[in-house]
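Residue numbering for the sequence shown follows the numbering used here, starting at 447 and increasing by one per position. Backbone N, C-alpha and C fix where the C-beta goes; we use that ideal spot for every residue, glycine too. Just below is one structure, and these are the notes that go with it.
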Amino acid sequence: MLGGIYSDQRCRICGSRFRDNGKTGLFCPNHPKERADSRFIVNFQDVWKRFKSYDEASRFLNGLRYKTDEGTFDSRDYKKDEPLGFANLTEKWLTVKKQEVKSKSYNNLKNYISRAQGAWANKNIKLIGYAEIEDFLLAQDVSSKTRANIRSCLHDFWIWLRKRRVLRPDQFPEFPEVSFELGYRKIIDRVTQERILAEVYRISHDTNIKVWLGIKWLMTYVKVRPGELVKLLEGDIDLEMRCFFIPHPKEKKPKWVPLIDEDIEILQSIPRGFPKLPFFRHASGVSGVQPGEPFGEKY
Numbered sequence: 447m448l449g450g451i452y453s454d455q456r457c458r459i460c461g462s463r464f465r466d467n468g469k470t471g472l473f474c475p476n477h478p479k480e481r482a483d484s485r486f487i488v489n490f491q492d493v494w495k496r497f498k499s500y501d502e503a504s505r506f507l508n509g510l511r512y513k514t515d516e517g518t519f520d521s522r523d524y525k526k527d528e529p530l531g532f533a534n535l536t537e538k539w540l541t542v543k544k545q546e547v548k549s550k551s552y553n554n555l556k557n558y559i560s561r562a563q564g565a566w567a568n569k570n571i572k573l574i575g576y577a578e579i580e581d582f583l584l585a586q587d588v589s590s591k592t593r594a595n596i597r598s599c600l601h602d603f604w605i606w607l608r609k610r611r612v613l614r615p616d617q618f619p620e621f622p623e624v625s626f627e628l629g630y631r632k633i634i635d636r637v638t639q640e641r642i643l644a645e646v647y648r649i650s651h652d653t654n655i656k657v658w659l660g661i662k663w664l665m666t667y668v669k670v671r672p673g674e675l676v677k678l679l680e681g682d683i684d685l686e687m688r689c690f691f692i693p694h695p696k697e698k699k700p701k702w703v704p705l706i707d708e709d710i711e712i713l714q715s716i717p718r719g720f721p722k723l724p725f726f727r728h729a730s731g732v733s734g735v736q737p738g739e740p741f742g743e744k745y
């Protein structure tokens with residue numbers, strides 16, 4: 447039989463160790479009336495646990511043997527440090543994600559995981575299935591888009607568990623579907639856009655024409671995101687090739703953006719800086735910022 451029940455008590459007459467008779471308790475082999483009455487220990491493979499009574503220890507040992515017979519025994523389920531605890535594993539996952547994603551994305555992931563930790567604490571990861579995940583998602587007082595993001599975050603976490611062999615593929619839970627509709631952006635007609643652009647040019651061309659140019663480029667090159675454009679360096683613009691370069695777009699694949707003739711002429715009329723300088727940077731005479739600082743969220 448796998449495993450056994452032991453005690454650190456000894457026979458008070460001869461000092462022998464007590465032995466399990468497999469039925470009623472631990473007795474001295476030399477003095478049958480002498481028995482262990484406390485401090486029982488179950489030792490099963492690498493599981494080691496104390497009990498106050500023989501009956502408790504016996505039930506626990508039989509449970510381990512049963513799980514072994516059915517192929518579900520996992521010694522990690524009985525460790526004091528709870529290696530399969532949800533809170534423990536998600537903290538490890540967040541440590542990994544902090545090295546992989548940008549700070550804004552990491553903060554979102556941490557927020558989503560904190561919500562789940564509040565619901566499941568350090569619950570054994572194998573005990574969290576479809577029902578628990580669905581109940582948790584439905585309990586969140588958030589928009590459908592945020593609920594979908596939380597679901598995506600949890601799914602990503604479970605994929606990480608599978609890749610690290612924390613869980614077997616057959617232990618991967620099903621995930622509920624979460625549908626949502628994105629809100630429509632308000633579209634400004636072209637005539638209004640041109641009027642806005644003309645007004646921006648009027649109030650900014652003497653101070654810093656690049657304010658106007660940045661807005662113009664976002665209207666012209668619609669596949670370029672504002673966050674990508676504001677990070678443009680002087681060296682990313684190649685007038686000979688008639689294009690500018692986005693090294694780190696959201697799509698992860700660098701892209702070249704061809705410049706139209708009108709913008710080539712504008713760039714040729716603007717004094718250029720060193721290649722490593724931000725192209726969209728502040729000029730002198732603007733309160734609250736230093737000359738040469740890159741444009742930010744508030745200008």
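Range covered by the beta strand (DSSP E) that runs through residue i
i: residue 647; result: Per DSSP, residue 647 belongs to no beta strand (DSSP E); it is in the alpha helix (DSSP H), 636–650.
i: residue 495; result: 493–497
i: residue 453; result: 450–453
i: residue 710; result: Residue 710 -> not in any beta strand (DSSP E); alpha helix (DSSP H) instead, spanning 707–715.
i: residue 701; result: 701–704
i: residue 596; result: Per DSSP, residue 596 belongs to no beta strand (DSSP E); it is in the alpha helix (DSSP H), 590–609.
i: residue 691; result: 689–692
Local Cβ density within 10 Å of residue i, reported as buried at 16 or more and exposed below that
i: residue 536; result: buried
i: residue 728; result: buried
i: residue 709; result: buried
i: residue 637; result: exposed
i: residue 395; result: Because residue 395 is not part of the residues shown, which for the chain are 447 to 745, the question remains open.
i: residue 505; result: exposed
i: residue 753; result: Any answer about residue 753 is impossible in this case: the structure gives the chain only from 447 up to 745.
i: residue 697; result: exposed
i: residue 543; result: buried
i: residue 489; result: exposed
i: residue 703; result: buried
i: residue 590; result: exposed
Helix, strand or coil at residue i according to DSSP, with G and I counted as helix
i: residue 524; result: helix
i: residue 559; result: helix
i: residue 547; result: coil
i: residue 488; result: strand
i: residue 466; result: strand
i: residue 553; result: helix
i: residue 718; result: coil
i: residue 684; result: strand
i: residue 724; result: strand
i: residue 678; result: coil
i: residue 613; result: coil
i: residue 626; result: coil
Residues of its chain near residue i, where Cβ-Cβ distance is below 7 angstroms and the 5 sequence neighbours each way are ignored
i: residue 528; result: 534 and 568
i: residue 465; result: 472, 473 and 475
i: residue 462; result: 456, 474, 475 and 476
When the options are compared against residue i, the one with the closest alpha-carbon
i: residue 524; options: 515, 510 and 516; result: 510
i: residue 618; options: 566, 562 and 600; result: 600
i: residue 507; options: 531, 467 and 493; result: 493
i: residue 644; options: 662, 654, 627 and 634; result: 662
i: residue 514; options: 448, 552 and 526; result: 448
i: residue 687; options: 706, 699, 694 and 670; result: 706
i: residue 681; options: 693, 699, 672 and 673; result: 693
i: residue 573; options: 526, 725 and 531; result: 531
i: residue 597; options: 612, 609, 632 and 581; result: 581
i: residue 613; options: 454, 520 and 724; result: 520
i: residue 655; options: 677, 717, 666 and 616; result: 717
Sequence-distant residues of the same chain with beta carbon closer than 6 angstroms to residue i, five excluded per side
i: residue 576; result: 619 and 620
Same chain only: Cβ atoms within 8 angstroms of residue i, ignoring 5 sequence neighbours per side
i: residue 650; result: 657 and 658
Endpoints, the alpha helix (DSSP H) within which residue i is located
i: residue 657; result: 655–666
i: residue 506; result: 500–516
i: residue 567; result: No alpha helix (DSSP H) contains residue 567, which DSSP labels as neither H nor E.
i: residue 577; result: 576–584
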